[in-house]
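So the protein sequences, as listed, match chains A, B, C and D. According to the UniProt record's numbering, the residues represented by the first sequence are 1 to 320, in order. According to the UniProt record's numbering, the residues represented by the second sequence are 1 to 320, in order. According to the UniProt record's numbering, the residues represented by the third sequence are 1 to 320, in order. According to the UniProt record's numbering, the residues represented by the fourth sequence are 1 to 320, in order. Heads up, the beta-carbon is just placed ideally off N, CA and C, and yes, glycines get one too. Keep in mind it's a predicted model, so treat the numbers as computed, not measured. Data block below; observations after.
Number of protein chains: 4
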Amino acid sequence: MDFESLKDKPAPAPEDRRAPLFNDFGLGGNVGRKPGTRLINNDGSFNVVHRGKTKRDSYKLLMDMSWLKLLATTIFTYVMINLVFSAGFLIIGTNSLSNIDQDWQLWRRALACFFFSIQTFTTVGYGDIAPVGIAANTLASLLALFGWVALAIVTGVFFARFAQPGKMIAFSKKALVAPYNAGGFSLQFRIVNVRDTSLINVTARVMLTWIEEGNRRFSPLVLERDTVPLFPLNWTIVHPIDEKSPIIKWDYETFCRQRAELLITVEGYDQTFSQPIHVQNSYIFDEIAWNARFKPMYLERDSTTEIWLDRLDDLEELGE
Amino acid sequence: MDFESLKDKPAPAPEDRRAPLFNDFGLGGNVGRKPGTRLINNDGSFNVVHRGKTKRDSYKLLMDMSWLKLLATTIFTYVMINLVFSAGFLIIGTNSLSNIDQDWQLWRRALACFFFSIQTFTTVGYGDIAPVGIAANTLASLLALFGWVALAIVTGVFFARFAQPGKMIAFSKKALVAPYNAGGFSLQFRIVNVRDTSLINVTARVMLTWIEEGNRRFSPLVLERDTVPLFPLNWTIVHPIDEKSPIIKWDYETFCRQRAELLITVEGYDQTFSQPIHVQNSYIFDEIAWNARFKPMYLERDSTTEIWLDRLDDLEELGE
Amino acid sequence: MDFESLKDKPAPAPEDRRAPLFNDFGLGGNVGRKPGTRLINNDGSFNVVHRGKTKRDSYKLLMDMSWLKLLATTIFTYVMINLVFSAGFLIIGTNSLSNIDQDWQLWRRALACFFFSIQTFTTVGYGDIAPVGIAANTLASLLALFGWVALAIVTGVFFARFAQPGKMIAFSKKALVAPYNAGGFSLQFRIVNVRDTSLINVTARVMLTWIEEGNRRFSPLVLERDTVPLFPLNWTIVHPIDEKSPIIKWDYETFCRQRAELLITVEGYDQTFSQPIHVQNSYIFDEIAWNARFKPMYLERDSTTEIWLDRLDDLEELGE
Amino acid sequence: MDFESLKDKPAPAPEDRRAPLFNDFGLGGNVGRKPGTRLINNDGSFNVVHRGKTKRDSYKLLMDMSWLKLLATTIFTYVMINLVFSAGFLIIGTNSLSNIDQDWQLWRRALACFFFSIQTFTTVGYGDIAPVGIAANTLASLLALFGWVALAIVTGVFFARFAQPGKMIAFSKKALVAPYNAGGFSLQFRIVNVRDTSLINVTARVMLTWIEEGNRRFSPLVLERDTVPLFPLNWTIVHPIDEKSPIIKWDYETFCRQRAELLITVEGYDQTFSQPIHVQNSYIFDEIAWNARFKPMYLERDSTTEIWLDRLDDLEELGE
């Protein structure tokens with residue numbers, strides 16, 4: 001069998017064959033065609049659920065959970081580990097720990113073991129309770145080593161969370177169809193650096209996706225400028241709706257009927273944290289304002305420029 | 001002697017001279033020509049053994065070994081270090097440690113020294129045994145400093161292992177020769193992000209290598225699309241077998257006889273871990289399925305898309 | 001409503017429409033037009049003040065403050081945390097801490113609680129004071145865990161500050177208009193690696209900005225060479241003032257009247273710290289010397305080259 | 001004064017004017033012209049001495065010094081810090097430390113203070129000596145906090161040194177002028193990955209520099225292939241000496257007289273350490289072997305390939 005002989009076979013339907021070439025931007029050609037579906041959520045995550053053998057990173061979990069949940073998880077793990085080890089000390093016998101009276105009730109001895117375990121695990125080691133004999137000393141030695149490893153994880157996770165940059169770039173809530181050049185229009189949205197850090201070499205890419213004849217279509221949108229070397233203020237990202245634009249003939253109704261969605265990726269480099277940043281966002285059809293314009297976000301002062309972040313969404317409606 | 005005079009010398013054999021230009025992709029022109037050899041293993045590592053003065057990184061060893069082996073290594077080192085230091089305390093004399101009875105047998109005093117050493121090394125320092133005199137105090141001071149350094153290594157290695165991303169990208173077990181466009185064919189395989197993380201800017205490169213007339217040949221394969229900006233679902237990587245393809249005339253028998261192997265590198269950027277990822281894989285001739293097609297891996301739900309990772313290898317055989 | 005119908009609307013003023021295309025390098029077209037304003041300060045930061053909902057990173061704050069302020073902040077936080085916890089121990093009752101005499105005055109018991117708190121928080125745990133009973137032990141256990149988290153932050157911040165490279169690249173204080181080729185001129189400045197590290201792949205970009213008819217204009221300046229693969233010595237960055245240069249017709253008075261400013265970004269890779277570096281700088285009109293030349297900064301020795309960093313600003317005035 | 005009027009001034013000498021354009025690759029046009037000077041040392045560092053206000057990074061110093069020197073520095077600092085703090089405890093008075101007999105001689109009390117200081121600094125805190133009173137407790141509290149900061153530095157430096165990859169890429173000791181194609185020649189050298197790690201996307205750049213008429217000249221050399229996607233074995237980097245090569249007319253004597261030096265930069269990405277690597281090297285005229293050829297470094301085995309690192313320098317001399 002070679003390719004020549006295979007060619008006599010009935011070919012798949014044309015629609016199917018063209019699909020991978022034109023429709024798949026790594027997002028799949030048949031994805032999210034149901035009404036009410038968007039591809040990228042407003043927090044920048046993909047609207048995709050993983051099923052099957054997905055591996056979950058405990059590291060990622062610890063990095064992404066809320067501080068409160070992390071604290072609860074930490075305390076819970078801390079208590080559980082020390083419960084296990086204190087059970088070990090109880091089994092060895094509390095006469096192998098100094099200053100525990102053998103006449104005490106079990107719960108009291110258990111509690112003493114638990115607190116001794118914690119004192120060893122954290123390497124506090126007051127010494128008012130101390131291990132006596134080989135078994136207790138061996139268990140305590142293991143416990144202290146275990147404490148080191150736990151400290152490694154706690155140190156790493158808490159510091160990594162503390163040091164990781166938060167959300168850097170805010171997007172305007174709405175994208176606009178705004179007047180542009182003499183009598184023309186453009187599709188635009190704006191972004192701003194919400195933190196007091198230096199972002200440089202910021203690049204934006206915009207794709208339009210919509211549902212046409214039951215299939216999801218994709219088309220990149222050409223931008224007037226796709227990179228800024230410095231990003232201290234706001235940046236309005238503009239797609240001119242000219243002859244080459246795929247949306248030159250579209251009106252508001254087309255946007256809605258085809259459930260159009262703008263997929264946006266913004267990349268840059270954060271000088272403060274010395275690392276690249278990458279954010280996504282999307283605007284679906286009902287997040288696009290027609291015939292409006294952004295108001296300026298900054299004020300000129302005598303020797304500086306002030307940028308007002310809460311004016312990110314200030315629009316001027318130009319009416320129908 | 002200049003180049004002109006050297007030119008009169010007999011030139012090396014033509015086969016030899018052309019070799020570096022056409023055959024060496026950093027993999028060497030004469031490499032792996034024996035039957036049964038593949039260049040890249042299924043785990044992505046190179047099928048190469050280093051001999052001679054290879055330096056092994058203890059860091060790499062600690063990062064790559066299994067968790068169990070790491071734990072064993074850690075405990076072993078921990079015990080060994082403290083054995084050495086406890087021998088030091090024994091030599092100084094156990095009368096320089098408080099609460100050790102000089103009438104105890106040697107083994108009992110040695111054990112006390114050992115556990116005291118561990119208490120100092122881990123900075124637990126209960127204090128039930130404490131150093132007395134200059135020699136013991138000096139040794140204990142050194143030991144505590146040594147403990148810091150050991151803690152540094154333990155903290156670093158355990159956290160780095162904990163925080164390092166595992167395998168991100170899974171490859172389909174088989175590459176396919178699949179119908180493509182009207183009557184055509186393509187060579188394809190698919191990949192999926194197995195973790196719940198965001199991979200972006202994913203790029204694939206495919207090289208074909210085979211043995212022809214006793215020499216290893218290499219040829220890059222042109223891909224229909226070699227980059228996807230976002231990678232939340234699966235991605236089918238397609239080489240169209242058209243007139244420009246080096247395999248347009250090949251049949252299954254050619255693949256086998258020439259021991260063809262597809263070498264694949266995939267690069268991207270992991271948003272969760274803020275670092276680039278690079279994976280390799282290869283398909284050898286008997287890992288290529290003829291005239292088959294991948295079944296979809298995802299389902300459209302009302303407001304989201306579900307991807308089923310265990311369907312990565314679901315094929316539809318189209319028969320001879 | 002489609003784009004055709006919108007086109008009948010009155011278009012915005014031409015000045016306004018052209019603004020985003022020609023004036024906005026991510027710095028905004030109307031920015032800093034008041035006399036006395038510069039866009040980039042001499043320390044490389046942007047001359048921009050953020051207002052409104054700017055989020056301040058406590059991490060960034062801790063990284064950027066002076067060592068003295070960091071030390072003060074650390075000690076202050078350390079004292080505050082332990083004051084809170086020692087209040088907890090006081091409330092539980094000092095009879096739950098060993099070796100505290102109930103007859104002592106409140107302040108003395110409070111102090112004992114405070115120092116006990118610190119001993120637990122830092123995991124020193126002398127044990128001369130030790131917790132007795134469930135409440136005190138529980139609080140001490142929490143405190144030790146809290147100490148871990150605090151140690152994580154302290155470890156991370158102090159080490160990150162210690163390990164972060166300081167300022168690498170120094171710019172000459174003045175840019176020059178210097179003789180160049182036969183009868184020509186160039187705009188130039190020079191940079192030097194002030195540290196004993198290896199910088200490679202260093203790239204410079206220069207933009208000119210000025211105020212014309214009340215609007216801020218931008219224009220990139222073409223460089224004779226914009227990249228050096230190795231940067232062990234100094235590098236003079238040269239813009240030839242030829243027919244294609246936007247400043248071919250400018251004289252000193254033009255520079256001043258239009259409040260010209262050179263915006264410079266330099267990128268590279270630091271081999272010692274294995275990380276990219278990015279610095280900015282700017283020269284405003286009164287930081288440009290006319291008809292001058294840089295003197296060499298290095299001396300040839302018998303088997304090496306010496307570079308003298310304090311000669312970075314050595315100029316030779318060539319007169320009017 | 002504008003540029004037109006400046007043009008009437010006498011122009012600098014032609015030699016001078018052309019210098020920056022043709023001779024300065026960031027290495028300076030007049031650099032290292034004395035006999036016996038090379039630009040890059042065999043360890044890859046630049047042959048440049050910094051004078052004047054060079055800032056030295058204590059971090060870089062700690063990273064680059066030998067392990068023995070680091071250990072000595074660590075112990076020295078450890079002793080000095082604790083000497084200072086123990087002097088503090090002596091000044092406060094040894095009656096504020098428990099278990100120190102006031103009748104002891106000064107040196108004995110000083111030693112006790114010193115060891116107590118160390119026990120606090122390292123957070124061992126046996127408790128056999130414990131602070132009594134406000135002054136001693138306050139100093140001990142500061143000392144423990146100081147210990148945290150010191151631990152941060154020690155943890156960071158030791159782990160960073162432990163985790164940093166060592167030298168990855170070895171260069172052959174000699175570059176060769178070797179036969180190439182039919183009757184031609186090439187300048188070549190080879191490199192190998194000396195570690196058991198995965199290097200990918202490796203790129204080489206070669207510049208030739210020489211002294212001509214008292215000036216240093218530079219010229220890039222075109223390579224047959226300048227990038228390999230995978231680098232599991234060795235790679236021979238080849239500059240064909242053809243009509244376009246700047247050295248087509250050179251003989252051995254020219255190389256020596258002009259003190260030619262090959263400057264090489266190799267970049268790549270290390271998958272094991274997830275970081276870019278950059279190395280430099282150079283070959284001076286007497287490190288170039290004429291009319292020789294590299295022998296293979298690897299052996300084909302039944303199901304793998306063996307690379308022998310100690311064969312990196314195996315040459316076959318082809319005679320005059």
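Counted within 10 angstroms of its Cβ, other Cβ atoms place residue i as buried (16 or more) or exposed
i: M80/B; result: exposed
i: C256/D; result: exposed
i: S303/B; result: exposed
i: L151/C; result: buried
i: R109/D; result: buried
i: D242/B; result: exposed
i: F22/D; result: Bear in mind that the predicted position of F22/D carries a pLDDT of just 36, short of 50, making it unreliable; the figure below should be weighed with that in mind. Classification for F22/D: exposed.
i: N95/B; result: exposed
i: L62/A; result: buried
i: W250/D; result: buried
i: P131/C; result: buried
Beta carbon of residue i nearer than 8 angstroms to that of residue j
i: residue 321/B; j: V202/B; result: An answer regarding residue 321/B cannot be provided, because it is not within the stretch 1 to 320 covered by chain B.
i: L233/A; j: V157/C; result: no
i: W107/B; j: T122/D; result: no
i: L263/A; j: T209/A; result: yes
i: L315/C; j: A289/C; result: yes
i: M168/D; j: L145/D; result: no
i: T73/D; j: T155/C; result: no
i: A135/B; j: T120/B; result: no
i: E261/C; j: S282/C; result: yes
i: D128/A; j: S98/C; result: yes
i: H50/A; j: I307/B; result: yes
i: P276/A; j: R205/C; result: no
i: R216/B; j: R38/B; result: no
i: R225/A; j: D57/C; result: no
Contacting residues, own chain, Cβ-Cβ under 7 angstroms from residue i (five flanking each side not counted)
i: S86/B; result: A110, C113, F114, S117
i: residue 340/A; result: No statement about residue 340/A is possible, as the shown extent of chain A runs from 1 to 320 and does not include it.
Under the three-state DSSP convention, the category residue i falls into
i: D314/D; result: coil
i: L262/A; result: strand
i: R205/C; result: strand
i: Y180/A; result: strand
i: Q280/B; result: strand
i: D64/A; result: helix
i: Q275/A; result: strand
i: S141/B; result: helix
i: W250/A; result: coil
Sequence-distant residues of the same chain with beta carbon closer than 6 angstroms to residue i, five excluded per side
i: R190/A; result: S172, N234, T236, F294
i: F89/C; result: C113
i: E267/B; result: T203, H278
i: Q280/A; result: I40, G44, T265
8 angstroms Cβ cutoff, residue i in contact with chain G
i: D286/D; result: Note that chain G does not occur in the displayed structure, where the protein chains are A, B, C and D.
Spatial neighbours of residue i in its chain, beta-carbon cut-off 8 angstroms, leaving aside the 5 residues before and after
i: D286/C; result: C256
Exercise. Going along the chain, which residues of the segment 110–137 of chain D sit with their C-beta nearer than 7 angstroms to a C-beta in chain C?
Worked result: T120, T123, G125, G127, A130, I134, N137
Problem set entry | Members of the segment 29–43 of chain C that neighbour chain A once the beta carbon cut-off is set at 9 angstroms | N30, V31, G32, R33, K34, P35, G36, T37, R38, L39, I40
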